[in-house]
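So the sequence shown is numbered by the working numbering: it starts at 6 and just counts up by one.
Each residue gets a CB set at the ideal place from its N, CA and C atoms; glycine is no exception.
Structure record follows, encoded as structure tokens.
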Amino acid sequence: SGATDISVAPTSSGDQTRRGNSETLVKRLARRRLTARLVVPPAPGAPKTTRATNSLRMEMQEVHGSCRRMTLHIELEMHDTPYCDHFLFFEKWVLEPHSAGGLRLRKSFAMRFTKRTLVRAMIERGTLSAQKYSGEQLVNFLKQRGSSSNSKIEEEPEVDEVKLAEVLNLEVPGLDVTKEANLLLDDDWSRGNLLVDHLYFQEATEVQVAPLAGTVEEPLGAPATPGKKRSHRQLSARMLVPPNPMAPKTTRATITYNIITCPLEDGSDKVGRLIIKTDLVFHDTPYCDCFHVREQLTLEALPDGSGTSVKKGFALIFCKRTMMKGVIESSSLQSQKAAATGFEDFLKSRGKGLPTLSRKILSDGSTASPNDSDANSAKSSKRSGPPTLPSLLGSRTLSTKSLGSPRSGIVVEVWELQR
């Protein structure tokens, strides 16, 4: 996980023996304390690393010399993160042998606050997101460790009971699934891959990308699918918020990506399907502590190789009850449909190899690209010639304001009535 400066204290251990009717249960206990410098997930105001103290308590149950269960109790204390003196982490890992010869792992966590703070809800949301990300890293680590020892590790099957509402379904000529998948599985997530470019297309700022969680093959406990890969990535950014009463203009967001690639059935190295599961947690919008957004983007190569079929769906996952649930759902659906229109233009431009310009969010929640504004202005000029608003408004005085975008160089003429 990128930890450094690891220092391990001596261990203290002991055994407890309990005899039953037919077997003897030996419970081995051990305690250990270590310090390290850990990597901090990207978050506004947070350092890149922090000093941390881990207190570990291990319990191992043995029957006739065979381990039946191992439990790890971990108390984690951070020293350099914001509000680190207000709370402690507690984790519990349970490892048990599986009947098929594999290994089953369960991990849970809890927080204990030692002081009151107004940002408790924000800390809990950020911690939950970070714990999910570290859990994915742990699974990938154990898979690689199990692969090197020729053992099997069983992962709990993915159960997605959330019904996604489809907001986009189209075919994009010229879009190469294999190229997009390779860019997403690369360690370098600078400008160039699909997800980062789309964030900048939406005029996101303050983008900070966490290190790539190791890319692994199909889970070892599942039927082998040569070439199928999974990867996880997390980033934070400041994103524009569609105009809404009481809503800020921008919000901080934490985004977790689960990337799955499936090869073509012809045995080649090309990718046939790319699935991107996304969890978005917003930190500054109204009622943001009551829900988060889940999206799924599926890109599948067309049979004739001419392009890509794209499908996108979304759902809202509520973690708290709120009387505003209906309002949140309706406004989110409207925003998702408007974003899907922009995403469609983004994909078509990407398929043609054209530069992707940012889109502007309009007052009605819809979006319009600078290209659309230029095209409409050109059509209007051809039809009616130069505008003659001053003559139409009599003696009223009008002025023009030139609004320029440093990224695209586009200038929009805005006529404003002066009082």
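- Within the stretch 49-92, the beta strand (DSSP E) runs of at least 3 residues that lie entirely inside it are, in chain order, 54-68, 71-83.
- Per the coordinates, the alpha-carbon of S17 lies some 28 angstroms from the alpha-carbon of F118.
- Burial is judged here by how many other beta carbons sit within 10 angstroms of a residue's own beta carbon; N59 has at least 16 and is buried.
- When rounded, the separation of the alpha-carbon atoms in Q213 and C293 is 21 angstroms.
- For the pair I322 and S71, the Cα-to-Cα distance works out to about 42 angstroms.
- Under a 10 Å Cβ-count criterion, M328 is classified as exposed, with fewer than 16 other Cβ atoms of the shown protein chains found around its own Cβ.
- In this structure, G107 is the residue among G50, G107, Q339, K357 with its C-alpha nearest to the C-alpha of L147.
- Judged by DSSP in its simplified three-state form, T327 adopts coil rather than helix or strand.
- As summarised for the stretch 293-348, there are no continuous alpha helix (DSSP H) elements at least 4 residues long confined to that stretch.
- Residue environment for R235: buried (at least 16 other C-beta atoms within 10 angstroms of its C-beta).
- Runs of the alpha helix (DSSP H) lying entirely within the stretch 168-243, each at least 4 residues long, are 182-189, 199-206 in chain order.
- Judged by beta-carbon spacing, P102 lies beyond the 9 angstroms limit of R111, meaning their Cβ atoms are not closer than that value.
- Judged by pairs of C-beta atoms under 8 angstroms, the stretch 73-80 does not touch the stretch 242-252, as fewer than three such pairs exist.
- The beta carbon of E349 lies closer than 7 angstroms to those of L173, L175 in the same chain, with the five residues before and after it left out.
- As computed with DSSP, Y262 is found in a beta bridge with R238, T283.
- Here K357 has G179 as same chain residues with Cβ atoms under 7 angstroms from its own Cβ, once five neighbours each way along the sequence are excluded.
- A straight line joining the alpha-carbon of L133 with that of S273 spans about 39 angstroms.
- Note on geometry: alpha-carbon atoms of L285 and H297 lie some 6 angstroms from one another.
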